[in-house]
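Enquirer: Structure in structure tokens, see below.
Residue numbers (this note's numbering): 239 to 557.
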């Protein structure tokens with residue numbers, strides 16, 4: 239049976255710097271009657287961090303995958319096998335990709351299929367998984383804190399994220415489109431006119447919509463936007479088509495429409511200091527492409543709900 243840990247990672251607040259500043263205020267030269275020191279020369283402005291300009295590809299698998307239970311000694315996979323379970327960061331609220339089945343109470347979806355495949359490759363049992371439910375903002379932090387082995391949660395490969403996350407070769411494409419009510423007359427963004435489209439706050443989706451000159455409303459999550467659309471307060475919702483397809487399946491009075499506004503790629507997220515696991519997971523994904531199970535998973539979840547059904551992406555490596 240899979241263990242489920244729905245708790246979000248803890249957040250710690252550091253107050254030592256504030257206390258240190260208070261101590262300086264009490265013991266500095268002004269407190270003893272000494273003349274204040276001359277003003278310091280203006281410091282040079284800090285050099286901004288270099289801009290991220292290029293997404294790098296993943297690490298190539300090395301040879302044939304070892305058999306389950308025969309992981310290389312000292313490897314990350316051997317440590318997972320010794321622990322007896324894979325710890326995976328996932329979502330439980332994205333219908334079709336990662337969601338909790340109300341009938342069984344278990345997690346299911348296309349992302350969960352990938353997690354189970356990785357667990358089976360390491361442990362010989364797809365059910366030996368401890369699922370950690372993560373919000374979008376927690377995905378990279380959970381890896382940095384070593385709270386999970388992998389994150390499979392509609393995780394988009396971006397240059398900025400690659401500063402702290404090593405990604406597998408992407409396994410699924412996603413395209414930014416629109417979700418609209420049936421009978422709305424909206425087929426493309428041009429049909430919105432001066433009506434409002436909603437998306438998640440601070441997302442790359444928001445940037446794309448504003449660059450198109452659209453009237454944009456932002457809320458914490460896409461489900462919040464759907465609720466606003468159902469209330470008639472916004473005309474459309476924009477996000478990745480894979481996510482929108484799940485929402486449309488839950489509300490048959492909506493549909494996914496329009497041309498692609500932006501393209502992205504989903505991949506498995508891992509720690510940069512565990513390249514052996516990255517290569518291993520890429521080997522698992524290559525086998526899933528070759529035997530057709532990756533394409534079969536996409537057809538299972540998205541046929542009749544997304545046209546076209548996303549096809550598995552061919553791998554590209556940097557080495």
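Note that the Cβ used here is the ideal one computed from N, Cα and C, for glycine as well.
Cutting at 7 Å between CB atoms, please list the residues of its own chain near residue 504, excluding the five before and the five after it.
Expert: Your numbering for residue 504 matches position 266 in the chain shown. Around residue 504: 392, 393, 394, 408, 409, 410 and 412.
Enquirer: Just the C-alpha distance for residue 545 and residue 497, rounded to the nearest angstrom, thanks.
Expert: Indexing the chain shown from 1 puts residue 545 at position 307. Indexing the chain shown from 1 puts residue 497 at position 259. The alpha-carbon atoms of residue 545 and residue 497 are separated by roughly 12 Å.
Enquirer: How many angstroms separate the CA atom of residue 319 from the CA atom of residue 360?
Expert: Indexing the chain shown from 1 puts residue 319 at position 81. Indexing the chain shown from 1 puts residue 360 at position 122. Their backbone Cα atoms lie some 6 Å apart in a straight line.
Enquirer: Taking 8 Å as the cut-off, decide whether the C-beta atoms of residue 425 and residue 472 are in contact.
Expert: By one-based count along the chain shown, residue 425 stands at place 187. By one-based count along the chain shown, residue 472 stands at place 234. No, Cβ-Cβ distance for residue 425 and residue 472 is not below 8 Å.
Enquirer: Which same chain residues end up closer than 8 Å to residue 307 when comparing Cβ atoms and leaving out the 5 residues on each side of it in sequence?
Expert: The residue you call residue 307 lines up with position 69 of the chain shown. 319, 361 and 362, listed in sequence order.
Enquirer: Which residue's Cα is closest to the Cα of residue 453: 462, 530, 379 and 428?
Expert: Translated into positions along the chain shown, residue 453 becomes position 215. With distances taken between Cα atoms, residue 453 lies closest to 428.
Enquirer: With C-beta atoms as the reference, is residue 539 less than 8 Å away from residue 324?
Expert: Stepping through the chain shown from its first residue, residue 539 is reached at position 301. Stepping through the chain shown from its first residue, residue 324 is reached at position 86. Not closer than 8 Å, so no.
Enquirer: Look at residue 420 and residue 469 and say whether their C-beta atoms are less than 8 Å apart.
Expert: By 1-based counting over the chain shown, the position of residue 420 is 182. By 1-based counting over the chain shown, the position of residue 469 is 231. Result no, Cβ atoms of residue 420 and residue 469 do not sit closer than 8 Å.
Enquirer: DSSP on residue 348, reduced to helix/strand/coil?
Expert: As a position in the chain shown, residue 348 is number 110, starting the count at 1. Correct three-state label for residue 348: helix.
Enquirer: Flag this pair as yes or no: are the beta carbons of residue 292 and residue 554 separated by less than 8 Å?
Expert: Counting from 1 along the chain shown, the entry for residue 292 is found at position 54. Counting from 1 along the chain shown, the entry for residue 554 is found at position 316. Cβ atoms of residue 292 and residue 554: not closer than 8 Å.
Enquirer: Less than 8 Å between the beta carbons of residue 336 and residue 347, yes or no?
Expert: Your numbering for residue 336 matches position 98 in the chain shown. Your numbering for residue 347 matches position 109 in the chain shown. Cβ distance < 8 Å, so residue 336 and residue 347 count as in contact.
Enquirer: Return yes when the Cβ of residue 436 is within less than 8 Å of the Cβ of residue 466, no when it is not.
Expert: The sequence position of residue 466 within the chain shown is 228, counting from 1. The sequence position of residue 436 within the chain shown is 198, counting from 1. Against a cut-off of 8 Å, the Cβ pair of residue 436 and residue 466 comes out as a contact.
Enquirer: Does the separation of the CB atoms of residue 326 and residue 376 fall below 8 Å?
Expert: Indexing the chain shown from 1 puts residue 326 at position 88. Indexing the chain shown from 1 puts residue 376 at position 138. Not a contact, by the Cβ cut-off of 8 Å.
Enquirer: Per DSSP, residue 456 is paired with what?
Expert: Here residue 456 is taken as the residue at index 218 of the chain shown, counted from 1. DSSP output for residue 456 lists 437 as bridge partner(s).
Enquirer: Among 357, 446 and 461, which has the Cα closest to the Cα of residue 368?
Expert: Taking the first residue of the chain shown as position 1, residue 368 is located at position 130. When only C-alpha atoms are compared, the closest one is 357.
Enquirer: Measuring CB to CB, does residue 297 end up less than 8 Å from residue 520?
Expert: On the chain shown, position 59 is the one that residue 297 refers to. On the chain shown, position 282 is the one that residue 520 refers to. Against a cut-off of 8 Å, the Cβ pair of residue 520 and residue 297 comes out as a contact.
Enquirer: Quick one: using the 10 Å Cβ neighbour count with 16 as the cut-off for buried, is residue 460 buried or exposed?
Expert: Residue 460 sits at position 222 when you count from the first residue of the chain shown. It is buried - the Cβ of residue 460 has at least 16 other Cβ atoms within 10 Å.
Enquirer: Do you know offhand how far residue 456's Cα is from residue 439's?
Expert: For this step, residue 456 is matched to residue 218 along the chain shown. For this step, residue 439 is matched to residue 201 along the chain shown. Near 5 Å, if we compare the C-alpha coordinates of residue 439 and residue 456.
Enquirer: Quick one: Cα of residue 263 to Cα of residue 509, how far?
Expert: Here residue 263 corresponds to residue number 25 of the chain shown, with the count starting at 1. Here residue 509 corresponds to residue number 271 of the chain shown, with the count starting at 1. Legend: pLDDT at residue 263 = 36, less than 50; position of this residue unreliable, value from coordinates given subsequently. Taking the straight line from one Cα to the other gives about 41 Å.
Enquirer: Between the C-alpha atoms of residue 490 and residue 522, what's the straight-line distance to the nearest angstrom?
Expert: Here residue 490 is taken as the residue at index 252 of the chain shown, counted from 1. Here residue 522 is taken as the residue at index 284 of the chain shown, counted from 1. Take the alpha-carbon of residue 490 and the one of residue 522: they are about 36 Å apart.
Enquirer: Using DSSP bridges, identify the partner residues of residue 419.
Expert: Start at 1 with the first residue of the chain shown, and residue 419 comes out as number 181. Answer by DSSP bridge pairing, in chain order: 492.
Enquirer: Between the Cα of residue 365 and the Cα atoms of 355, 487, 451 and 300, which residue gives the shortest distance?
Expert: Translated into the one-based positions of the chain shown, residue 365 becomes position 127. Residue 355 is the option with its Cα nearest to residue 365.
Enquirer: In three-state DSSP terms, what is residue 240?
Expert: In the chain shown, counting from the first residue as 1, residue 240 sits at position 2. At residue 240, the pLDDT of 45 sits below 50, so the modelled position is not reliable; the number obtained from the coordinates is stated separately. Note: residue 240 maps to coil in three-state DSSP.
Enquirer: If we call anything under 8 Å between Cβ atoms a contact, is residue 543 one with residue 487?
Expert: As a working mapping, residue 543 is identified with position 305 in the chain shown. As a working mapping, residue 487 is identified with position 249 in the chain shown. Yes. Within cutoff.
Enquirer: From the DSSP output, in three-state form, read off residue 503 for me.
Expert: Translated into the one-based positions of the chain shown, residue 503 becomes position 265. Reduced to three states, the DSSP call for residue 503 is strand.
Enquirer: Since residue 324 is in the beta strand (DSSP E), which residue starts that stretch and which ends it?
Expert: By one-based count along the chain shown, residue 324 stands at place 86. 324 to 328 is the extent of the beta strand (DSSP E) around residue 324.
Enquirer: Answer yes or no: do residue 414 and residue 313 have a C-beta to C-beta separation smaller than 8 Å?
Expert: The residue you call residue 414 lines up with position 176 of the chain shown. The residue you call residue 313 lines up with position 75 of the chain shown. No, the pair does not count as a contact, with Cβ atoms beyond the cut-off.
Enquirer: Taking all protein chains shown into account, do 16 or more other C-beta atoms lie within 10 angstroms of the C-beta of residue 338, making it buried, or fewer, making it exposed?
Expert: The sequence position of residue 338 within the chain shown is 100, counting from 1. Under this definition residue 338 is a buried residue.
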